[in-house]
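Comments concern the structure below.
There are 2 protein chains.
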Amino acid sequence: MTSAREKILDAYEESLTTVGVAATTLDAVARIAGVSKGGLIYHFPSKEALADALIERFTGMARTSADQLQGDAATTVRHFIEMSSSVGDELDTAWLAVMNLSRNGNQSATRAVLELERSWHDAILESTGSPLVAHMTKLLGDGLYHSTSFVSESRESLPEAAKLLPSDGEREAIIRTLLDLLDE
Amino acid sequence: MTSAREKILDAYEESLTTVGVAATTLDAVARIAGVSKGGLIYHFPSKEALADALIERFTGMARTSADQLQGDAATTVRHFIEMSSSVGDELDTAWLAVMNLSRNGNQSATRAVLELERSWHDAILESTGSPLVAHMTKLLGDGLYHSTSFVSESRESLPEAAKLLPSDGEREAIIRTLLDLLDE
DNA sequence: GTCTATAGCTCGATAGAC
DNA sequence: GTCTATCGAGCTATAGAC
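So the protein lines, in turn, are chains V and E.
Each step along the first sequence adds one to the number in UniProt numbering, with nothing skipped, and position 24 is 24.
Each step along the second sequence adds one to the number in UniProt numbering, with nothing skipped, and position 152 is 152.
Here you go:
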């Protein structure tokens, strides 16, 4: 059984990622979580406290994610590229929510996202030993993530958007290109 | 002399990109534009009309941008990568603003962004003739843009964020890698 | 620990003077 | 064409019953 606290944070994330900050009211979050506004306020005394808790939970996931990028070059590169094309998992949802807070003026959110970006980059740089390949891997992953999540969000209204994404075979070719660069 | 209408749209963009949708009230936009709320409402009878006008202006810029990507493979790839690392120009600001509307539930904004994404991708695909290089160019550009704008937004609070961006030399190496792939 | 009720504020939009 | 004044809706947060 998930605690009420976690259910509320999940609902907050869901609202932030689906309808955005403007429509994410305490009422809406409480309704999604299945509690009353009073119940929500008991756990999180203000909207800011709710945002802080979300960012804190995100930071924990971020640490885990960066740790998982440790390994030899081939594993790290492949893992990062594949992670970047997955949408809908825990970290992805949290990322989108925190990113939305960041873009709407929440400085703690900006700091948390930047911290994760830096951890990823450092991990890839350390395992590959090449600044160029590290940057390319990071950029390709970022682009992949941007495209995947944007296409995923708009798929229902515009199905042909899927053409923007590389196929599985192309993704393999991208990974191979990156690893080939390391061998030169 | 810029028309009041354009000044209001500029102010709307500025507010959307700096403080976000939630804090972008009609009062705030009017204040930035240097008009009263009544004056704003004369030009744009509702907030939705304001958003529609912004998206329409963005769509115009988007068409121009996609047209400029026509050319031979080397020119197109270089142009797209360099465009992706520029921050603060007209199209970039408009993009950020419309993107923020999209992420907050505005369907027209989503459609406009997707349309531009598709135009870019089609132009790169046509000039390179290679689906793999087209996707890689597009992804690298997207990643570059994401990093550049995010780092740029947060630079004041976190100066060390600049390390996340590739140097000019690395950007050249990235372009060269893409063009080498075409020659194989 | 969760609820209802409501106070107090801010926003979008309207009305009407100039 | 631009302004001030103001209404009604919807928001966060508080108070207090259970």
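We put the CB at the ideal spot given by N, CA and C, even for glycine.
This structure is a prediction, so every number in the text was calculated from the model and none was measured.
Can you list the residues of chain V that residue i reaches, using a CB-CB cut of under 8 angstroms?
{"i": "I174(E)", "result": "L132, H135, M136, L139"}
{"i": "P45(E)", "result": "Neighbours of P45(E) on chain V: none; closest Cβ ~20 angstroms, over 8 angstroms."}
{"i": "E170(E)", "result": "P131, L132, H135"}
Considering only residues of the same chain and omitting the five flanking positions on each side of residue i, which have a CB-CB separation below 8 angstroms?
{"i": "N162(E)", "result": "Residue identity check: residue 162(E) is Ala in the sequence provided, not Asn. Cβ within range, chain order: V151, R155."}
{"i": "A30(E)", "result": "I8, A11, S36, K37, G39, L40"}
{"i": "I174(E)", "result": "I81, L140, P166"}
{"i": "T93(V)", "result": "E13, E14, T17"}
{"i": "A23(E)", "result": "S15"}
Do residue j and residue i have their beta-carbon atoms positioned less than 8 angstroms apart in this structure?
{"i": "residue 190(V)", "j": "S36(E)", "result": "An answer regarding residue 190(V) cannot be provided, because it is not within the stretch 1 to 184 covered by chain V."}
{"i": "F80(E)", "j": "G169(E)", "result": "no"}
{"i": "D72(E)", "j": "S130(E)", "result": "no"}
{"i": "V133(V)", "j": "L181(V)", "result": "yes"}
{"i": "G20(E)", "j": "V113(V)", "result": "no"}
{"i": "V77(E)", "j": "T18(E)", "result": "no"}
{"i": "A74(E)", "j": "W120(E)", "result": "no"}
{"i": "S85(V)", "j": "R171(V)", "result": "yes"}
{"i": "A123(E)", "j": "L178(E)", "result": "no"}
{"i": "R57(E)", "j": "L164(V)", "result": "no"}
{"i": "G143(V)", "j": "G143(E)", "result": "yes"}
Which same chain residues, not among the five before or five after residue i, have their C-beta less than 6 angstroms away from its C-beta?
{"i": "S149(V)", "result": "V87"}
{"i": "A109(V)", "result": "I55, V98, L101, S102"}
{"i": "L116(V)", "result": "A62"}
{"i": "L125(E)", "result": "A134"}
{"i": "A28(E)", "result": "S15"}
Output, in chain order, the set of chain V residues within a Cβ distance shorter than 7 angstroms of residue i.
{"i": "A22(E)", "result": "V21, A22, N104"}
{"i": "L69(E)", "result": "Those within 7 angstroms of L69(E) in chain V number zero; the least Cβ separation is about 15 angstroms."}
{"i": "G88(E)", "result": "The premise fails here: G88(E) is roughly 16 angstroms from chain V at the closest Cβ pair, so nothing lies under 7 angstroms."}
Using a Cβ cut-off of 8 angstroms, pull out every chain E residue sitting near residue i, in sequence order please.
{"i": "L116(V)", "result": "Those do not exist, as L116(V) stays about 11 angstroms from chain E at its closest Cβ, beyond 8 angstroms."}
{"i": "H121(V)", "result": "K163, L164"}
{"i": "S147(V)", "result": "E117, K138, L139, D142"}
Output needed for residue i: all residues of its chain with C-beta closer than 7 angstroms, excluding positions within five of it in sequence on either side, in chain order.
{"i": "I32(E)", "result": "A11, E14, S15"}
{"i": "D89(V)", "result": "none"}
{"i": "A53(E)", "result": "L9, F44"}
Find the residues of chain E that neighbour residue i, judging by a C-beta separation of less than 9 angstroms, and give them in chain order.
{"i": "R111(V)", "result": "S154, S157, L158"}
{"i": "L177(V)", "result": "Correcting the residue type first, residue 177(V) is Thr in the shown sequence and not Leu. What T177(V) touches in chain E: L132, M136, T177, L181."}
{"i": "G39(V)", "result": "Those within 9 angstroms of G39(V) in chain E number zero; the least Cβ separation is about 24 angstroms."}
{"i": "L50(V)", "result": "Here the premise fails: no neighbours, minimum Cβ distance about 14 angstroms."}
Can you pull the chain E residues whose beta carbon is under 7 angstroms from the beta carbon of residue i, in chain order?
{"i": "L91(V)", "result": "In chain order: nothing, as chain E lies at least about 17 angstroms away."}
{"i": "L144(V)", "result": "L139"}
Just to make sure I have the definition right: I need the residues of chain V whose C-beta is within less than 9 angstroms of the C-beta of residue i. Which are they?
{"i": "H79(E)", "result": "The premise fails here: H79(E) is roughly 17 angstroms from chain V at the closest Cβ pair, so nothing lies under 9 angstroms."}
Item to check | Cβ contact (3+ pairs, closer than 8 angstroms) linking the region 12-28 of chain E and the region 60-70 of chain E | outcome: no
Next on the checklist: My parser needs the alpha helix (DSSP H) runs of 4 or more residues fully inside the UniProt domain "HTH tetR-type" (2-62) of chain E; what are they?
Outcome noted: 4-18, 26-33, 37-43
Checklist entry - Considering only residues of the region 89-176 of chain V, which uninterrupted alpha helix (DSSP H) runs meet the minimum length of 4 residues and lie entirely inside it, listed in chain order? => result 90-103, 107-128, 131-154
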